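These protein sequences, in sequence, are chains A and B.
Residue numbering for the first sequence follows my numbering, beginning at 2 and increasing consecutively.
Residue numbering for the second sequence follows my numbering, beginning at 2 and increasing consecutively.
Built from N, CA and C at the ideal position, the CB exists for glycine as well.
Here the structure is a predicted model, which is why all the values come from computation and not from measurement.
One structure below.
Number of protein chains: 2
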Amino acid sequence: MTGGLLAHGRLAGLDEISGVGVDAARGGFSRHVWTTAEFELREWFTARAARLGLDVETDRNGNLWAWWGAPGPDAVVTGSHLDSVPGGGAFDGPLGVVAALDAVARLQASGFRPRRPLAVVVFAEEEGSRFGVACLGSRLLSGAISGDAARALTDADGVTVAEAASAAGLAPEHLGRDDEALARIGLFIELHVEQGRGLIDLGSPVAIASSILAHGRWRLRVNGQGNHAGATGMRERRDPVVAAARAVLAVEQAALATEDARATVGRMRIVPGGTNVIASAVDAWVDARASSDAQTRALVADMEARVQEVVAGSGCTVELIEESWSGLVEFDSALAAQLVGTLGGVPLLPTGAGHDAGVLSGRVPTAMVFVRNPTGVSHSPEEFAEAEDCIAGVEALESLLRSVL
Amino acid sequence: MTGGLLAHGRLAGLDEISGVGVDAARGGFSRHVWTTAEFELREWFTARAARLGLDVETDRNGNLWAWWGAPGPDAVVTGSHLDSVPGGGAFDGPLGVVAALDAVARLQASGFRPRRPLAVVVFAEEEGSRFGVACLGSRLLSGAISGDAARALTDADGVTVAEAASAAGLAPEHLGRDDEALARIGLFIELHVEQGRGLIDLGSPVAIASSILAHGRWRLRVNGQGNHAGATGMRERRDPVVAAARAVLAVEQAALATEDARATVGRMRIVPGGTNVIASAVDAWVDARASSDAQTRALVADMEARVQEVVAGSGCTVELIEESWSGLVEFDSALAAQLVGTLGGVPLLPTGAGHDAGVLSGRVPTAMVFVRNPTGVSHSPEEFAEAEDCIAGVEALESLLRSVL
Numbered sequence: 002m003t004g005g006l007l008a009h010g011r012l013a014g015l016d017e018i019s020g021v022g023v024d025a026a027r028g029g030f031s032r033h034v035w036t037t038a039e040f041e042l043r044e045w046f047t048a049r050a051a052r053l054g055l056d057v058e059t060d061r062n063g064n065l066w067a068w069w070g071a072p073g074p075d076a077v078v079t080g081s082h083l084d085s086v087p088g089g090g091a092f093d094g095p096l097g098v099v100a101a102l103d104a105v106a107r108l109q110a111s112g113f114r115p116r117r118p119l120a121v122v123v124f125a126e127e128e129g130s131r132f133g134v135a136c137l138g139s140r141l142l143s144g145a146i147s148g149d150a151a152r153a154l155t156d157a158d159g160v161t162v163a164e165a166a167s168a169a170g171l172a173p174e175h176l177g178r179d180d181e182a183l184a185r186i187g188l189f190i191e192l193h194v195e196q197g198r199g200l201i202d203l204g205s206p207v208a209i210a211s212s213i214l215a216h217g218r219w220r221l222r223v224n225g226q227g228n229h230a231g232a233t234g235m236r237e238r239r240d241p242v243v244a245a246a247r248a249v250l251a252v253e254q255a256a257l258a259t260e261d262a263r264a265t266v267g268r269m270r271i272v273p274g275g276t277n278v279i280a281s282a283v284d285a286w287v288d289a290r291a292s293s294d295a296q297t298r299a300l301v302a303d304m305e306a307r308v309q310e311v312v313a314g315s316g317c318t319v320e321l322i323e324e325s326w327s328g329l330v331e332f333d334s335a336l337a338a339q340l341v342g343t344l345g346g347v348p349l350l351p352t353g354a355g356h357d358a359g360v361l362s363g364r365v366p367t368a369m370v371f372v373r374n375p376t377g378v379s380h381s382p383e384e385f386a387e388a389e390d391c392i393a394g395v396e397a398l399e400s401l402l403r404s405v406l
Numbered sequence: 002m003t004g005g006l007l008a009h010g011r012l013a014g015l016d017e018i019s020g021v022g023v024d025a026a027r028g029g030f031s032r033h034v035w036t037t038a039e040f041e042l043r044e045w046f047t048a049r050a051a052r053l054g055l056d057v058e059t060d061r062n063g064n065l066w067a068w069w070g071a072p073g074p075d076a077v078v079t080g081s082h083l084d085s086v087p088g089g090g091a092f093d094g095p096l097g098v099v100a101a102l103d104a105v106a107r108l109q110a111s112g113f114r115p116r117r118p119l120a121v122v123v124f125a126e127e128e129g130s131r132f133g134v135a136c137l138g139s140r141l142l143s144g145a146i147s148g149d150a151a152r153a154l155t156d157a158d159g160v161t162v163a164e165a166a167s168a169a170g171l172a173p174e175h176l177g178r179d180d181e182a183l184a185r186i187g188l189f190i191e192l193h194v195e196q197g198r199g200l201i202d203l204g205s206p207v208a209i210a211s212s213i214l215a216h217g218r219w220r221l222r223v224n225g226q227g228n229h230a231g232a233t234g235m236r237e238r239r240d241p242v243v244a245a246a247r248a249v250l251a252v253e254q255a256a257l258a259t260e261d262a263r264a265t266v267g268r269m270r271i272v273p274g275g276t277n278v279i280a281s282a283v284d285a286w287v288d289a290r291a292s293s294d295a296q297t298r299a300l301v302a303d304m305e306a307r308v309q310e311v312v313a314g315s316g317c318t319v320e321l322i323e324e325s326w327s328g329l330v331e332f333d334s335a336l337a338a339q340l341v342g343t344l345g346g347v348p349l350l351p352t353g354a355g356h357d358a359g360v361l362s363g364r365v366p367t368a369m370v371f372v373r374n375p376t377g378v379s380h381s382p383e384e385f386a387e388a389e390d391c392i393a394g395v396e397a398l399e400s401l402l403r404s405v406l
C-alpha cells in the first residue's frame, strides 16, 4: 500500500530534500525565504508537482500553487511551507507539502476524479526567520499585513522584503492582499508534524486541530551606557546586558504566573557585542502566547511592568515594540467534527504553534491534521516523526481530500 | 608651538582617518584586523611615516614598524594600535600612533639627532575583536601565544588566523615568537587615551602608568534543550537563554563580592537564535579583571561556582573555557619614576585596561603615558580627549623620547 512513498524507511519526498539547507554549525536545516536553499526547494517542488501533471504558479506574494485541474473557485487546497527556523528539523513544513503531493499521487493512482479543483500550496516565510513576521506569505495573501508594512521589513543584513522579493523575480509593488487568489480557496487543510507531546499522551498517530493559542512577537530594546570592560568599576555601570538578563527572568516569571502561557527569548542582539566592551544596548525578542487574546494581552502587560521595573533597577531604560500579533484561532468546529468522523474518531488537539492555517482560518474554512512527534521536540534537529506515522498522515489526508473533493 | 598638528581643533592625523571604518549601525568605528578598513589604516600609516622619511616594514606577525635610522638593537620604540572594538571610539589606539608620529616630526623639526634608533610601531589585533585574543600581535612577537595556537583561532565567520594572515600577504607558517624583532627593542613607550576617570579626578592632562589589572577572557558554554517556543510548556523547558541570564547575574554578583574586581558579559551567541525557538545552547563571553593574579583567579573560581549553581537550577549544563589570560603588570618602577621626573611630576596611575605595553613589559623595559578622557568612557563612540590634552600628550611623549634617545 505504501507504494513509492518510502525510501530508507522515510517519505521519499523528505529524502529528496534531505541535503538542502543543511546547517553544519547549528545542526538541522536553515532554509530561509529567498535564499539559495529555499530556491532549491522551490525547484524541487515544481519538478515533483510537474511529475504529477500539476501546473505550478507563483502568486504575487511568492507563494507556490500546484493545480490539479483548472484553477478556480471552490478549490480544495492543501499544503504547508518549506522554509525553516535556523537549525530546524526535517518535518516542520516539508511533511505537509510532501504529504499533500503524496496524497494527490494516491488519488491519481486509484483513478479518483475530483469534482472540485485541488491545489497543493507552499506558503512563503512561514517561520518569519528572515524578516521577523511569521506566516508572511499567508498574511500578505489574506491582507493580515499590508504590502507597505511587509515591504519595509528587513533581514539581519538590512535587506528589505521589497529588495529580496525583487531579487526573487517578484514585482514588490504587487505584494499585498490577493483577493483573486483567496477567492479560489473553498477549503484549506494543512497537515503538520505536531510540535508538542499531545499525540504521545493520546497514543494516536494523527489528530485534527481544535485551536491555536493567541501569540505574538515583541522586541525589548534595552539602552544602557557603553564603556570599557576593564576600566569601569562595577558600581559605575549602566550595563544593558545585565538589565536584559534581568528582563529575560522577568519574562519567564510573567509566563509562569499566567495559566497555560508561554514566553520565550530565543534571540538577542548585543550592541556593539565586543568581549571587552560594556554594551550600549541590547535587543531581546520575546515570543509570548496564551489561551485567549485577553490572556495574552494581560501576559504582555504583566511582562512589560516586570521588565520595566528590573531594567530601571539596573540604571537602564527599555522600550517594548510589538512586531507581530495573531489572535486566538478556533478552527471551524463543524468542519473539524466532520473530519474527525471521516477518520473514524481521531482526537481533537489544541496547539501552541502558529500556522498559515491559523492565518487563513479567518477568511476560509480551514482545518489541520497533526502527525505524532515521538520526541515532542520541534524547531530543533531532534524533531522527528516515525515513517509509519507519516504514512498514517498521508492516508488520513488522502481520506479527507477524497471526502471533500 | 602646535604647528601642523591641529586641524579643526584636533590632531591632524586623527582627522585624516576619521572617515575610515565608520560603523553606521553601531556608531563609532569598527576597524578589525585584516579587513578593508584596517588595510586602509595601514596604508595611511605607511604614507604618513614615509613623509617623515621613516622606513616602514611589516614583521612576520603583521605588526608595522616605521624606522628613523637603521633598525638595530637598543632602539627606542613608541606607538600603539589602529584596530578597534566593534563601534569603538576615535582615540583608543590611533591617539598613540598619531602622537608617536607627531613627536618624531617635532624632534626632526627641532634638528634633534637621536643617538639610538627609533621606531614607531603599530601592533596588530590589539583589541582581539576579530579573533578573540587581545594583543595578538604583541603576544605573538613576544611568544606569549604560540604560532600554532594563534593560527587555529577563528573569527565569527570561521576564518582562521592562518587564512586571514595569508590573505593579508603574510606567511602564516612564520607567525610566532620573533626574537630578532624583540631584540631590537631597548625601551617601549606607549601613549594611550585613558579609559577611566583617573585623570579627571587627578586634574592632570597626562600621567605615567603604574600597573595593569590582571585580566582574562572566559567563555561560558551553556547547553539546554532546543524546542518550539509555542508548543512547549514553561515547566517542560531546559532553556539555555534563561540559564545564561542567571549566569550573567551570577558573574555580576561575583565581581561585586571581590574588591576592585570587574567582570563583564559583552558578547553572547544564542544557538540557533530564532525568535520562535527555545535555544539549544548559549555562548557567553566573560571579561574578568582584578588587582592581582591570585584575586583574579579567585574571582573566576567564585564566578564558576555561582554560575554552575544557577545554570543547574535551570536544568542546563555549563562549561567554562579560558580563552586568554594576562597576569598583573607592574611597570618598571625606576623607569616610571624617571619619566615622571622628566615630565615635572605628573601623576602615576593604574589602569584596568590591557595594552600591548603590558604584554611587552615582561620582556623589555616598558612605560605608558595616559591622556585624560573627559567622558571617562571608552570602547564606545563617547570616548573623547580634548585637543589641548592630546597636544599635552604629544609634548610629553616628545620630552620623554628626547630624554632617552
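A Cβ-Cβ distance of about 10 Å is found for the pair A:Ala256 and A:Arg307, leaving them out of contact under the 8 Å criterion. Proximity of chain A to B:Arg218 at the Cβ level (cut-off 8 Å) is accounted for by Thr276 and Asn277, in chain order. Contact of B:Trp286 with chain A by beta-carbon distance below 8 Å involves Thr276. Under DSSP, B:Ser315 shares a beta bridge with no residue. When C-alpha distances from B:Val365 are compared across B:Trp35, B:Ser381 and B:Ala182, the shortest belongs to B:Ala182.
Linking B:Met304 to B:Arg220 through their CA atoms gives a straight-line distance of about 12 Å. Neighbours of B:Ile271 across chain A, judged by C-beta separation under 8 Å: Gly267, Arg268 and Met269.
If you check each beta-carbon in the segment 201 to 234 of chain B against every beta-carbon of chain A, the ones closer than 8 Å belong to Leu214, His216, Arg218, Gln226, Gly227, Asn228, His229, Ala230, Gly231, Ala232, Thr233 and Gly234. Only residues of its own chain outside the window of five on either side were considered, and among them Arg239 have a CB closer than 6 Å to the CB of B:Gly316, listed in chain order. For A:Gln196, the C-beta contacts it makes with chain B under 9 Å involve Asn228, His229, Gly231, Ala232 and Thr233, in order along the chain.
In this model, A:Ile213 and A:Leu192 are separated by some 14 Å (Cα to Cα).
With contacts defined as CB atoms closer than 7 Å, B:Phe30 and B:Ala386 fail to qualify as a contacting pair.
The alpha-carbon of A:Ile146 is positioned some 11 Å away from that of A:Leu154. Residue burial is scored here from C-beta neighbours: B:Asp179 has at least 16 other C-beta atoms within 10 angstroms and is therefore classed as buried. Residues of the segment 334 to 354 of chain A whose Cβ lies closer than 8 Å to any Cβ of chain B, in chain order: Thr352, Gly353 and Ala354. Going by DSSP, A:Glu41 is part of the alpha helix (DSSP H) stretching over Thr37 to Arg52. Here A:Ile201 carries a helix assignment [DSSP, helix/strand/coil]. Counting along the chain, A:Asp180 sits inside the alpha helix (DSSP H) bounded by residues Asp180 to Ala184. Listed along chain B, no residue sits closer than 7 Å to A:Val311 by beta-carbon distance, the nearest being about 10 Å off. A:Ala163 and B:Gln309 have their C-alpha atoms spaced approximately 46 Å apart.
At the C-beta level, B:Leu171 and B:Gly94 stay beyond 7 Å of one another. Neighbourhood of A:Val242 in chain B, by CB distance below 7 Å: Val249, Val266 and Gly267, in chain order.
No residue range can be given for A:Thr155, since it is assigned to no beta strand (DSSP E) and is classified by DSSP as neither H nor E. The shortest C-alpha to C-alpha distance from A:Val278 to any of B:Gly89, B:Asp158 and B:Val370 is the one to B:Gly89. Look at A:Leu214 here: in three-state DSSP terms it is coil, with no helix or strand label.
With the criterion set as a beta carbon lying under 7 Å from some beta carbon of chain A, the members of the segment 74 to 94 of chain B are Val86, Pro87 and Gly88, in sequence order. In this structure, B:Gly275 lies near A:Ser130, with their beta-carbon atoms less than 7 Å apart. DSSP, read as helix, strand or coil, puts A:Arg131 in coil.
Within the segment 97 to 130 of chain B, Glu128, Gly129 and Ser130 place their CB atoms closer than 8 Å to a CB of chain A, listed in sequence order.
Using a CB distance cut-off of 7 Å, A:Ser379 counts as an interface residue toward chain B.
A:Arg263 carries a strand assignment under DSSP once its states are collapsed to helix, strand and coil. In this model, A:Gly133 and A:Leu96 are separated by some 23 Å (Cα to Cα). Counting only runs of 4+ residues, the alpha helix (DSSP H) found wholly inside the segment 321 to 372 of chain B occupies 334 to 343 and 357 to 361, in chain order. DSSP places B:Leu12 in the strand class (E or B) of the three-state scheme.
Neighbours of A:Gly133 in chain B, taken as residues at a C-beta separation under 8 Å, are given in chain order as Thr276. Judged by pairs of C-beta atoms under 8 Å, the segment 59 to 78 of chain A touches the segment 104 to 120 of chain A, as three or more such pairs exist.
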